[in-house]
Every structure is written in structure tokens, then in C-alpha cells.
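Chemist:
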Amino acid sequence: MHELSLCQALLDQVTQIARDHGASRVDRILLKVGPLSGVEPALLKHAYPLAATGTLAEFAELVIEPAEIRVHCHTCGAETEAKPNRLLCGVCGGFQTRLISGDEMLLANLELIVPDQDDIDAEQPMGGRS
1 MHELSLCQAL
11 LDQVTQIARD
21 HGASRVDRIL
31 LKVGPLSGVE
41 PALLKHAYPL
51 AATGTLAEFA
61 ELVIEPAEIR
71 VHCHTCGAET
81 EAKPNRLLCG
91 VCGGFQTRLI
101 SGDEMLLANL
111 ELIVPDQDDI
121 DAEQPMGGRS
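For the sequence shown, position 43 (counting from the first letter as 1) is numbered 43 according to full-length UniProt numbering, and the numbering increases by one without interruption.
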């Protein structure tokens, strides 16, 4: 199940972003997963709790939204939505298209809990006195 290794890589990225922003916790992770990505969203959701254990994102909500398949037509120049098994231009019906989106797994948004500086200062012990 490669979704577990994808979750681990995702959580490495999420943890690094959270640390870079001084977050104490991750509340929500929003992914966009295209139907041509090779990722099965249900398996990704199933693997997430195991991979997230002990991380800043352990209790974060994982939200997975589908990304649409879009193609650019080399014949008429249009950019249109397409179906997974028919990457045809939606304007002229041409088959000479280039995939623009639909094969990605994208970290679209993170909701982080960042403590106030006053909260951090209150937790610091006073220096020099016992």
C-alpha cells in the first residue's frame, strides 16, 4: 500500500511547514487529489491515522477534495475539463491534448495552531532565581 508512504511524506512536509511557522499543532490538512494521480483517496484516509501518530498533525482533520481533469487542446487552443478515459477537447473534440491537471496530489491548505507570543512568554521560567 503506497498510500502509507505517501502519508509519511506528506506528514514530513506538513511538520516542516508547521515548525517553520512556530505552530504547536496542525488542525486541518486539505489535499487535492486528481483521478489520474494513482492515489486512492479512501486508502489515503485509512493510512493517515497510523502515519500521523506522534506528530504535530496527529489529531488533524484530513480533508481530500477531488481535482478536476483539465486538458489544453493543441488544435483549437481551448482549455477544458475532460474525463479520465477520454482526454478530448471539450470545444472541438480534438484528441491532440496536453494534460494540465488531474494527475496531482497537492497540499492545498493547512490550518495551524500558533501560540501567541504572550502565551510562550508566560510558560518560560524566570531566569536566575530558584
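Every residue, glycine too, gets a C-beta built ideally from N, C-alpha and C.
Using three-state DSSP, classify P41 as helix, strand or coil.
Modeler: By one-based count along the sequence shown, residue 41 stands at place 41. The answer is helix: DSSP assigns P41 an H, G or I state.
Chemist: What is the DSSP secondary structure of K17, reduced to helix, strand or coil?
Modeler: By one-based count along the sequence shown, residue 17 stands at place 17. A quick correction: the sequence has Ile, not Lys, at residue 17. Helix.
Chemist: List the endpoints of the continuous beta strand (DSSP E) containing S24.
Modeler: The count along the sequence shown starts at 1 and reaches residue 24 at position 24. Careful: S24 lies outside any beta strand (DSSP E) and carries neither H nor E.
Chemist: Have a look at the DSSP bridge pairing and note the partners of N109.
Modeler: Mapped onto the sequence shown, residue 109 falls at position 109. L30, per the DSSP bridge assignment.
Chemist: Quick check on the burial criterion: 16 or more other C-beta atoms within 10 angstroms. Buried or exposed for C7?
Modeler: Translated into the one-based positions of the sequence shown, residue 7 becomes position 7. The residue is buried, with at least 16 neighbouring Cβ atoms inside 10 Å.
Chemist: To the nearest angstrom, how far is it from the Cα of S5 to the Cα of A18?
Modeler: Counting from 1 along the sequence shown, the entry for residue 5 is found at position 5. Counting from 1 along the sequence shown, the entry for residue 18 is found at position 18. The straight-line gap from Cα to Cα measures roughly 20 angstroms.
Chemist: Look at residue 214 and R70 and say whether their C-beta atoms are less than 8 angstroms apart.
Modeler: Residue 214 lies beyond the stretch modelled for the chain, which goes from 1 to 130, so this question has no answer here.
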